[in-house]
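All letters in the sequence shown, in the order written, are residues -18 to -1, 1 to 293 by mature numbering (1 follows the signal peptide of the UniProt record, and there is no 0).
We treat Cβ as the ideally placed atom computed from N, Cα and C, and that holds for glycine.
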Amino acid sequence: MFFFVLLWVGSMILGVSAQSFAGMWLFLELNLISFVLLVSIMSVKSEVMSLKYFMVQTVSTGLFFFGAIALLGASWSLGEALLVLALAVKMGAAPFHFWVLNIVGEMSWDVFFYFSTFQKLLPLWLTFSLSKSSGTLWLVALGSVFTVLGLWQLNTKSLLVYSSVLGISWMILSEDFQTSLAYLVVYGVSLMGVCFFLESGSSEHISLYSCSGVTKSDAISMMFFVLNMSGLPPFALFFVKAAIVLNVASSHSILVGGVLLASGAFFVAYFRLFMFGLLSGTSSLSQGQPHYGLGGSSILAVSSAVVVWLL
């Protein structure tokens, strides 16, 4: 297993330092193979998920290869389009994120964390190597639009997938790789806390209307992690987002506005989801799990909207 970990980490480091399309393609393949083997070793029940992941990633790597050939053959528009398409599929960026929703239910929480953070590093670097083409900016716009679908997600992993889709929009919108890397690191630390909490508590599914097994202390911890991920001040991710907005507001004002609106809407979803967890945890200490009707849902939704408006 140590060899595969070394190969996985090495493929990311060498891939970022690669200077040619051939080297990039080679390290993408090594990264894919090593990650699939690691997942298979970490979870004996992940054969189907690993196969689905391998098939999708193989197709995207093939698109990257043909895009690189098209660029070398002076077919710039076709080559650039294929490269953007390949990297969007690899990262799970909108509108190519539905395959991620199809497999996350079969992932353990540690695999989900690695997939949502480390596996985005190399495709993100290659996306910035395209020098901010119009295709990459379309990914920002589509990510803002499709994030709205996450408002109706009841499954925690699906909710976090849409959070990751929005995060990809923020990272691509930034002007340089260093800023996007800072975003990924801060987001990853928060996601690690969320995944660790859910894995240790055996909480595979937390819905808006059923938060069984949530204690008061667990719910408060979850609220802290989620607020950190949402970028609420004074948490660290807020300052990274503020730096991105200040850097690109003058050149991409419409995209910045769209991403900010999507972030505000998604914060409402986070706040409503885990406020139910907090209230359930408080009540469960004495009388078990309560049931919240439409009135409680409306109060929480309105209060969330007021908080976002004040921000």
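Residue from the options whose Cα sits closest to the Cα of residue i
| i | options | result |
| --- | --- | --- |
| Phe78 | Thr99, Leu214, Phe94, Trp120 | Trp120 |
| Leu33 | Trp(-11), Gln160, Val18, Ser232 | Val18 |
| Met37 | Leu14, Phe46, Ser22 | Leu14 |
| Leu136 | Gly87, Leu67, Ser203 | Gly87 |
| Lys72 | Leu237, Lys102, Ser(-2) | Lys102 |
| Ala244 | Val41, Val66, Leu124, Glu181 | Leu124 |
| Ala68 | Thr118, Ser2, Gly5 | Thr118 |
| Met(-18) | Pro216, Val230, Ile23 | Ile23 |
| Ser233 | Ser156, Pro216, Gly246 | Ser156 |
| Phe(-16) | Glu11, Ser199, Ser16, Ala(-1) | Ser16 |
| Ser126 | Ile150, Glu11, Ser59 | Ile150 |
| Gly240 | Glu181, Thr129, Met205, Phe179 | Thr129 |
6 Å CB neighbourhood of residue i in its chain, flanking five on each side removed
| i | result |
| --- | --- |
| Phe207 | Ser172, Gly175, Val176 |
| Ser25 | Ser90 |
| Leu(-5) | Phe9 |
| Ser212 | Phe249, Tyr252 |
| Leu110 | In the sequence as presented, Leu is not what sits at residue 110; that position holds Phe. Here the set comprises Phe159. |
Close beta carbons around residue i, own chain, < 7 Å, minus the five adjacent residues each side
| i | result |
| --- | --- |
| Val168 | Ala218, Leu219, Val222 |
| Phe95 | Leu173, Met174, Cys177 |
| Tyr35 | Val18, Ile85 |
| Thr99 | Leu166, Gly170, Leu173 |
Cβ-based neighbour list, residue i, same chain, cut-off 8 Å, excluding 5 preceding and 5 following
| i | result |
| --- | --- |
| Trp7 | Thr43, Phe46, Phe47, Ala50 |
query = Would the region 131 to 142 and the region 244 to 255 be scored as touching if the rule is three or more Cβ pairs under 8 Å?
reply = As far as the Cβ criterion goes, the region 131 to 142 touches the region 244 to 255, which means the pair count is three or higher.
request  = Check whether the region 48 to 55 touches the region 95 to 109, taking contact to mean three or more Cβ pairs, one atom from each stretch, closer than 8 Å.
outcome  = With the cut-off at 8 Å, the region 48 to 55 and the region 95 to 109 do not touch.
key: Any alpha helix (DSSP H) of 4 or more consecutive residues that is wholly inside the region 42 to 107   = Counting whole runs of 4 or more residues, the region 42 to 107 contains the alpha helix (DSSP H) stretches 58 to 73, 80 to 85, 91 to 98.
task = Quick one: which unbroken alpha helix (DSSP H) runs of 4-plus residues sit fully inside the region 192 to 250? Chain order, please.
result = Counting whole runs of 4 or more residues, the region 192 to 250 contains the alpha helix (DSSP H) stretches 198 to 212, 218 to 230.
key: Sufficient close CB pairs (3 or more, under 8 Å) joining the region 156 to 164 to the region 219 to 230   = Verdict: yes, contact present.
key: Every unbroken alpha helix (DSSP H) inside the region 153 to 187 [4 residues or more]   = Fully enclosed alpha helix (DSSP H) runs of no fewer than 4 residues occupy 159 to 182 of the region 153 to 187, in order along the chain.
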